[in-house]
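Under UniProt numbering, the first residue of the sequence shown is numbered 1, with each subsequent residue one higher. What follows is a short report on a single structure.
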Amino acid sequence: MGRRKVTGAVGSGALLVAGDVITDVVARHRGPLAPGTDTAASIRTVPGGAGANVACWAAYRGTAEVRLLGRVGADAAAWHERELAARGVRPLLVVDGRAPTGTVICLVDGDAAAERTFLTDSGASLRLEPADWSDALLDGVARLHLSGYLLFAEPSREFVAVASKAARARGVPVSLDPASAGFLARLGADRFLSLVDGVDVLLPSRDEACLLTGLPDVADAAARLSRHVPLVVAKQGAEGALLARSGEVYARVPAEPVTPRDTTGAGDAFTGAFIAALLAGAGPEQAAREGCRAGARAVELTGGRPP
Numbered sequence: 001m002g003r004r005k006v007t008g009a010v011g012s013g014a015l016l017v018a019g020d021v022i023t024d025v026v027a028r029h030r031g032p033l034a035p036g037t038d039t040a041a042s043i044r045t046v047p048g049g050a051g052a053n054v055a056c057w058a059a060y061r062g063t064a065e066v067r068l069l070g071r072v073g074a075d076a077a078a079w080h081e082r083e084l085a086a087r088g089v090r091p092l093l094v095v096d097g098r099a100p101t102g103t104v105i106c107l108v109d110g111d112a113a114a115e116r117t118f119l120t121d122s123g124a125s126l127r128l129e130p131a132d133w134s135d136a137l138l139d140g141v142a143r144l145h146l147s148g149y150l151l152f153a154e155p156s157r158e159f160v161a162v163a164s165k166a167a168r169a170r171g172v173p174v175s176l177d178p179a180s181a182g183f184l185a186r187l188g189a190d191r192f193l194s195l196v197d198g199v200d201v202l203l204p205s206r207d208e209a210c211l212l213t214g215l216p217d218v219a220d221a222a223a224r225l226s227r228h229v230p231l232v233v234a235k236q237g238a239e240g241a242l243l244a245r246s247g248e249v250y251a252r253v254p255a256e257p258v259t260p261r262d263t264t265g266a267g268d269a270f271t272g273a274f275i276a277a278l279l280a281g282a283g284p285e286q287a288a289r290e291g292c293r294a295g296a297r298a299v300e301l302t303g304g305r306p307p
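Right under this line is the structure:
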């Protein structure tokens, strides 16, 4: 299906995010789930998706223009457009005529540091394809961010290759967040690293960094990954973040203390604020501090979006 036309002037220095737009069903419960019967929970339906969340947090941080390219089903396209626009993001949504909007059920255990488990139906989100790309999308763009979820299906993998090549041709730096340790395990570390060749910044979680390298220590893992990608920013949740270049960890940034309510989207918040800070002229270490601040704010909220 064709892309919807989006009106409005295109400014300079914009951030373009390409990634998943998802409907999140967040169920907060306390203690173990009771198989075969009821478990009391507080349930909310909220807009989500790693790519969309990153875009919203970047806009919340104050980036002048944030654009989001994603694919949704006709069932929820209008709702997602409204929600993105309300958070300062310019939606560039492709409406899929054959697949529904992706849906994730987020099970959040209130008795386990608000840790979450995801049940994921990617729906239309991973059907983003090269035909959805136009080099004109990079007009006025200073940075391209790609959600790692796009690497977990063939059409969207091809999209990533086309978009990355176009960005490199224009000198636009590219960042990528691996997105899911579970999906990464099935894709394979070697294949992932070949697919992200040419990316400037990689933002893995602790688990993703260790999985990609086979190393148990996140600092060692980040250092090794930085031999493949110029800058690696490893997100460690309550332990903050560390930065690696040229095979060495060169900075550690502490997390801000907070009592978590829902950790959904905390990594996306970090990534969005980090990229926004880079666009504003901050160095990577200062940008990581901004990321930690946003991550702390995110875990105080339900869902993965800023207030």
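Even glycine gets a Cβ: it sits at the ideal position worked out from N, Cα and C. Remember, predicted model here, so these are calculated numbers, not experimental data.
- Message: For the structure I just gave you, are there three or more beta carbon pairs, one from the stretch 121-134 and one from the stretch 142-153, closer than 8 Å?
- Response: yes
- Could you spell out where the beta strand (DSSP E) holding T45 opens and where it closes? A41 to G48
- Would you kindly report the start and end of the unbroken alpha helix (DSSP H) that includes G73? Element bounds for G73: not the alpha helix (DSSP H) but the beta strand (DSSP E), V66 to G73.
- Residue burial classification, G281 (beta-carbon count within 10 angstroms, cutoff 16): exposed
- Query: Counting along the chain, where does the beta strand (DSSP E) carrying residue 308 start and finish?
  - Reply: Outside the displayed range of the chain (1 to 307) lies residue 308, so it cannot be described from this structure.
- Are the CB atoms of S226 and V232 nearer to each other than 8 Å? yes
- Task: Specify the secondary structure class of D177 as computed by DSSP and reduced to three states.
- Result: strand
- Is C56 closer than 8 Å to P306 when the C-beta atoms are compared? yes
- Where residue 308 falls: helix, strand or coil (DSSP): There is simply no residue 308 to check, as the chain begins at 1 and stops at 307 in what is shown.
- Task: Assign R293 to one of three DSSP states: helix, strand, or coil.
- Result: helix
- What separation, rounded to the nearest whole angstrom, lies between the Cα atoms of G240 and P254? 4 Å
- Query: Quick one, are the C-beta atoms of V54 and V72 less than 8 Å apart?
  - Reply: no
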